[in-house]
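This report refers to the structure that appears directly beneath it.
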Amino acid sequence: MPEETLTKGERTRLTIENAAIALFMEQGYHATSMRQIAERAGLALGGIYNHFASKDEIFEAIIIDQHPYRKILPL
0 MPEETLTKGE
10 RTRLTIENAA
20 IALFMEQGYH
30 ATSMRQIAER
40 AGLALGGIYN
50 HFASKDEIFE
60 AIIIDQHPYR
70 KILPL
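Going by numbering that gives the first Met the number 0, the first residue of the sequence shown is number 0, and it counts up by one from there.
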């Protein structure tokens, strides 16, 4: 979905996911904290919890939202 058609909440979730991806790639999943993801995304820690309950939930969202099939098959 083009970023300009996303709601503010969807853009925030995407920002969180992208920050998490970068950190997971740099230092690994287990070494990455929610606080680090929030800092990388430019959000307060509480702001991240408004969108995701846990790091596991962020990881699941990344798998679902960032998977290449979303570019091929519109949902």
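Even glycine gets a Cβ: it sits at the ideal position worked out from N, Cα and C.
Own chain partners of residue i with C-beta closer than 6 angstroms, once the 5 adjacent residues on each side are dropped
i             : result
alanine 40    : Thr14, Ile15, Ala18
asparagine 49 : none
tyrosine 28   : none
isoleucine 57 : Ala19, Phe51
histidine 66  : none
Neighbourhood of residue i by C-beta distance below 7 angstroms, restricted to the same chain and skipping five residues each side
i                : result
phenylalanine 23 : Thr31
glutamine 35     : Leu22
Contact check, residue i vs residue j, beta carbons under 9 angstroms
i          : j            : result
alanine 52 : leucine 44   : no
glycine 46 : threonine 11 : yes
Integer-rounded CB distance, given that residue j should sit under 8 angstroms from residue i
i             : j             : result
methionine 33 : lysine 54     : 6 angstroms
isoleucine 61 : isoleucine 20 : 6 angstroms
Going residue by residue through the stretch 20–66, where are the continuous beta strand (DSSP E) segments of at least 3 residues, counting only ones entirely within it? For the stretch 20–66, not a single whole beta strand (DSSP E) run of length 3 or above is found.
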